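According to my numbering, the sequence shown is numbered sequentially starting from 90. We treat Cβ as the ideally placed atom computed from N, Cα and C, and that holds for glycine. Note that the structure is a prediction, hence the values are computed from the model and not measured.
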Amino acid sequence: MVNRINFSFEETATDITEPVTKFGGQPVWIDGAQWPISRSLGTPMRFIGQIAIDESVVPGAGGKMAYLFMTEDDDNFADDTWVPDAGENALIIQPNGTPEVEVRNLTTGPTARKFEEVQGKSKLQPREVIYGVHTAPGIDPEFIDEEASEEMTDDAWSLHAAALAGNKIGGTPGFLQFDEFPDEETDWTLLLQLDETETPFYLNFGGSGCGYAFVNPGASVGKFLWQ
């Protein structure tokens, strides 16, 4: 079995300025600002949230923080936001992390938002948001690869997939389409799974998609992808 941390969202009117897990607001940097820059647009990516790495999830990396960003621009389109190495998303690790994209010393930038009806406006309007989380420990079944899953009955696979679903820190990735780790050379650990349909703020994971943040052993490098 694999440790996971279940969480739910709680919106707050003021930013959370401690190094704890949150979504939206502005990053609480440990080692100084390292805001990632979109490779195609040359503009700051949008901050999605920060995850406090728990020792039970990534042994040897307790106390580190991971900061998740993705390119999202209302005026310009960026392709390949789902690709780990395309330069259109980033998982920044602190302290002692190695950024995989260009970063700049920016303390503030675009952040998570939701779209709401506003009187007198014909279109939904964006509002920046901040969410803290409530957490509870949980357990996931071990990973079953695609080849092994073909030997399972439909009912057994459905139960397995349901057990892996939802928002969580750690655990076993519940891939929507196919097995997709950032690469085959590294022993990646799932740090965060975000279900687009179960978040109270806007995410563009292709419509009803799911995002997966991974770290290497010791959490010095982070990668992100979505399906």
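Selected residue, minimal CA-CA separation from TRP315, among GLY113, MET159, THR132, PHE136: MET159
Which of helix, strand or coil DSSP assigns to TRP124: strand
The stretch 157-177 in contact with the stretch 274-294 per 3-pair CB rule at 8 angstroms: yes
C-beta contact flag for GLU191 and ARG202 at 8 angstroms: no
Spatial neighbours of PHE313 in its chain, beta-carbon cut-off 6 angstroms, leaving aside the 5 residues before and after: ASN178, LEU180, ALA302
Candidates THR275, THR224, ASN256: closest to PRO306 by CA position: THR275
Beta strand (DSSP E) segment containing SER97, residue limits: 91-100
Top-ranked residue by Cα proximity to LEU195, from ILE105, ASN165, GLY149, ARG135: ARG135
Option nearest PRO226 by Cα separation, candidates SER145, GLY298, THR286: SER145
Through-space distance from PRO289 to LEU213, alpha-carbon basis: 15 angstroms
Residue(s) in a DSSP beta bridge with GLY113: ILE219
Endpoints, beta strand (DSSP E) assigned at GLU189: From DSSP, GLU189 is part of no beta strand (DSSP E); its letter is neither H nor E.
Cβ-based burial, THR110 [other Cβ within 10 Å; buried from 16]: buried
Rounded C-alpha distance that separates PHE232 from LYS210: 47 angstroms
Closest Cα partner of ALA141 within the set GLU205, ASP268, TRP246, ILE258: ILE258
ALA302 (DSSP reduced to helix, strand or coil): strand
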